[in-house]
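Participant:
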Amino acid sequence: MKRSRRVMDGSSLRLMDGLDHITLGENEATDFSMKALALKDLKSIKAELGVSSVSYGLQRSISNAVERNLNTTAMDLFEACREGDLAVMRSLLEEDVNDLDRLSEGGLSALHYAARNDHGQVIQLLIDHGADPNVTGSLENKRLSPLHFASWFNAPVAVDTLIDNKGNVESSSAFGQKPLHYAVARASVELVKTLLTKGKADPNGQDNQHFSPLHLATQRGRLDIIKMLFTHGANLRAQNDEGETAVHVAAREGRDEVLRHLLQRASMTGISCKDLVNGENYEAKSCLQLAVNGGHVQAAMICIEYGADVRPVTKRNIPLHVASSIGDLTMVKFLLSQNYVHVDEEDSEGMTPILRASLAVTWKSLNSLSIREHQSARHQTPQLLPL
Numbered sequence: 040m041k042r043s044r045r046v047m048d049g050s051s052l053r054l055m056d057g058l059d060h061i062t063l064g065e066n067e068a069t070d071f072s073m074k075a076l077a078l079k080d081l082k083s084i085k086a087e088l089g090v091s092s093v094s095y096g097l098q099r100s101i102s103n104a105v106e107r108n109l110n111t112t113a114m115d116l117f118e119a120c121r122e123g124d125l126a127v128m129r130s131l132l133e134e135d136v137n138d139l140d141r142l143s144e145g146g147l148s149a150l151h152y153a154a155r156n157d158h159g160q161v162i163q164l165l166i167d168h169g170a171d172p173n174v175t176g177s178l179e180n181k182r183l184s185p186l187h188f189a190s191w192f193n194a195p196v197a198v199d200t201l202i203d204n205k206g207n208v209e210s211s212s213a214f215g216q217k218p219l220h221y222a223v224a225r226a227s228v229e230l231v232k233t234l235l236t237k238g239k240a241d242p243n244g245q246d247n248q249h250f251s252p253l254h255l256a257t258q259r260g261r262l263d264i265i266k267m268l269f270t271h272g273a274n275l276r277a278q279n280d281e282g283e284t285a286v287h288v289a290a291r292e293g294r295d296e297v298l299r300h301l302l303q304r305a306s307m308t309g310i311s312c313k314d315l316v317n318g319e320n321y322e323a324k325s326c327l328q329l330a331v332n333g334g335h336v337q338a339a340m341i342c343i344e345y346g347a348d349v350r351p352v353t354k355r356n357i358p359l360h361v362a363s364s365i366g367d368l369t370m371v372k373f374l375l376s377q378n379y380v381h382v383d384e385e386d387s388e389g390m391t392p393i394l395r396a397s398l399a400v401t402w403k404s405l406n407s408l409s410i411r412e413h414q415s416a417r418h419q420t421p422q423l424l425p426l
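So the sequence shown is numbered by the working numbering: it starts at 40 and just counts up by one.
Next up, the structure:
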């Protein structure tokens, strides 16, 4: 079964996407200010005049207003958390909101809304009143914690407050992603640092497809985050479920600066650079072959500099043959400039680079001809069909 391309075509981010426009559900956007006003009016009347001094009719009217709104207290709490209104929050909490971990129609708790908007004081108030700092949301069945939300929405105060209150930095989403994955995906250096230093997050935590934070940071080309991950013990040899290390990712994406840094890091820590660049993924492609596939000449040069085999022993996916088959003239010229390449060498299927190039041109011509014929046929006068 063919594996779906993960981070490289954006599917990794799709696991995290859909969070940017979190709002209250249609039925949750109640007029919480009126509710708060009713609560405050009742309290102020009791304080200033005393319950016995308030006419029965006025008492009844205010009581009815409060009673009607009590059914929407949780909804009002969601909006108060989103807005960061501590005064309203305290009023609502004094009215004894029992289930602070209740989820909104959108599948989020009060803490999720507060975390999303970086309201540290609101988070602390909720937790002080019994809210679970690790409550799991049901938004799109992603099973996200408040710390996931704070990490995704780049909310440093929220992250700090949640960690202070035993927020689990290793909590996993439905896809196995930790808050650190989210912070790295957002390229938030501050949050990555907080999660690693204060939260003691595992720099090698892998999701369901075995992608580590290092894989994500490499795909983004974030050398600053990569260095931070290495400082905290990131494993350069870690492989995802496609059998790829971060070096494979850098080569395929053409992240030249990152690729060189990763290989320099390997050299300094006693890891064989030659083994890294020649190691094949589960599709039998080395780092050099991935760079060639992507048309990344500079990345290919770096791979060769660190020991990449231009003529692999298996003769499968030979770089020159691959470049010829995709018609990458610049890459072909570069590979031919290497003394180890022979223009008449056959690959595992008995094909030379010239045959590969010719076959590619033939297929391209046939496809073009087929398209032209199809377009021509569409513009011909159709034959009349019997009624």
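A virtual CB, placed ideally from N, CA and C, is assigned to each residue, including glycine. Predicted, not measured: the structure shown is a model, and the values here were computed from it.
If you compare alpha carbons, which of 269, 332, 268, 169 is closest to residue 287?
Facilitator: Within the sequence shown, numbered from 1, the residue matching residue 287 stands at position 248. Out of 269, 332, 268, 169, 332 has the C-alpha closest to the C-alpha of residue 287.
Participant: Between which two residues does the alpha helix (DSSP H) holding residue 270 run?
Facilitator: Taking the first residue of the sequence shown as 1, we reach residue 270 at position 231. Counted as a single uninterrupted DSSP element, the alpha helix (DSSP H) harbouring residue 270 occupies residues 262-270.
Participant: Quick one: give me the first and last residue of the alpha helix (DSSP H) that residue 20 is part of.
Facilitator: With the chain represented from 40 up to 426, any question about residue 20 goes unanswered, as that position is not in the structure.
Participant: Going by the beta-carbon positions, is the gap between residue 346 and residue 313 smaller than 9 angstroms?
Facilitator: What you label residue 346 is simply residue 307 of the sequence shown in a count that begins at 1. What you label residue 313 is simply residue 274 of the sequence shown in a count that begins at 1. Yes.
Participant: Beta-carbon within less than 6 angstroms of residue 157's beta-carbon, same chain only, minus the 5 sequence neighbours each way: which residues are those?
Facilitator: As a position in the sequence shown, residue 157 is number 118, starting the count at 1. So the list reads 194, 196, 197, once near-sequence residues are dropped.
Participant: Per DSSP, what kind of secondary structure is residue 258 in: helix, strand or coil?
Facilitator: Your numbering for residue 258 matches position 219 in the sequence shown. Reduced to three states, the DSSP call for residue 258 is helix.
Participant: Going by other Cβ atoms of all chains shown within 10 Å of its Cβ, with 16 needed for buried, is residue 110 buried or exposed?
Facilitator: Numbered from its first residue, the sequence shown carries residue 110 at position 71. With a pLDDT of only 44 at residue 110, under the threshold of 50, the placement of this residue in the model should not be trusted; the figure read from the coordinates follows. Result: exposed.
Participant: What does the Cβ neighbour count give for residue 77, buried or exposed, with the cut at 16 atoms within 10 Å?
Facilitator: Indexing the sequence shown from 1 puts residue 77 at position 38. With a pLDDT of 43 at residue 77, under the threshold of 50, the predicted position of this residue should be treated as unreliable, though the coordinate-derived value follows. Classification for residue 77: buried.
Participant: In whole angstroms, what separates the C-alpha of residue 74 from that of residue 116?
Facilitator: As a first step, residue 74 must be located in the sequence shown, where it is residue number 35. As a first step, residue 116 must be located in the sequence shown, where it is residue number 77. The predicted model places residue 74 with a pLDDT of 40, which falls under 50 and marks its position as unreliable; any figure quoted below should be read in that light. Cα to Cα, the separation comes out at about 11 angstroms.
Participant: Could you round the C-beta distance between residue 150 and residue 178 to whole angstroms and report it? I think they count as a contact, below 8 angstroms.
Facilitator: Taking the sequence shown and counting its residues from 1, the one referred to as residue 150 is at position 111. Taking the sequence shown and counting its residues from 1, the one referred to as residue 178 is at position 139. Actually they are not in contact, since the Cβ atoms of residue 150 and residue 178 sit about 13 angstroms apart, beyond 8 angstroms.
Participant: Quick one, are the C-beta atoms of residue 200 and residue 159 less than 9 angstroms apart?
Facilitator: Counted from its first residue, the sequence shown places residue 200 at position 161. Counted from its first residue, the sequence shown places residue 159 at position 120. Yes. Within cutoff.
Participant: Looking at residue 202 and residue 234, is the spacing between their C-beta atoms short of 9 angstroms?
Facilitator: Locating residue 234 in the sequence shown gives position 195, counting from the first residue. Locating residue 202 in the sequence shown gives position 163, counting from the first residue. In this structure, residue 202 lies closer than 9 angstroms to residue 234 by Cβ.
Participant: Do residue 229 and residue 262 come within 9 angstroms of each other at the CB atom, strictly closer than that value?
Facilitator: Residue mapping note: residue 262 aligns to position 223 of the sequence shown, counting from 1. Residue mapping note: residue 229 aligns to position 190 of the sequence shown, counting from 1. Between residue 262 and residue 229, the C-beta spacing is not below 9 angstroms.
Participant: Look up residue 349 in the DSSP assignment and say whether it is helix, strand or coil.
Facilitator: Translated into positions along the sequence shown, residue 349 becomes position 310. Coil, per DSSP.
Participant: Straight-line CA distance for residue 383 to residue 315?
Facilitator: Here residue 383 corresponds to residue number 344 of the sequence shown, with the count starting at 1. Here residue 315 corresponds to residue number 276 of the sequence shown, with the count starting at 1. Each residue's alpha carbon lies about 28 angstroms from the other.
Participant: By the three-class DSSP mapping on this structure, what secondary structure does residue 143 have?
Facilitator: For the purposes of this step, residue 143 is taken as the residue at position 104 of the sequence shown. Correct three-state label for residue 143: coil.
Participant: Could you give the residue range of the alpha helix (DSSP H) that holds residue 168?
Facilitator: Reading the sequence shown from its first residue, position 129 is the one you call residue 168. Premise fails: residue 168 is in no alpha helix (DSSP H) and is neither H nor E.
Participant: What is the rounded straight-line gap between the Cα of residue 284 and the Cα of residue 144?
Facilitator: In the sequence shown, the residue the question calls residue 284 occupies position 245. In the sequence shown, the residue the question calls residue 144 occupies position 105. C-alpha separation (whole angstroms): 40 angstroms.
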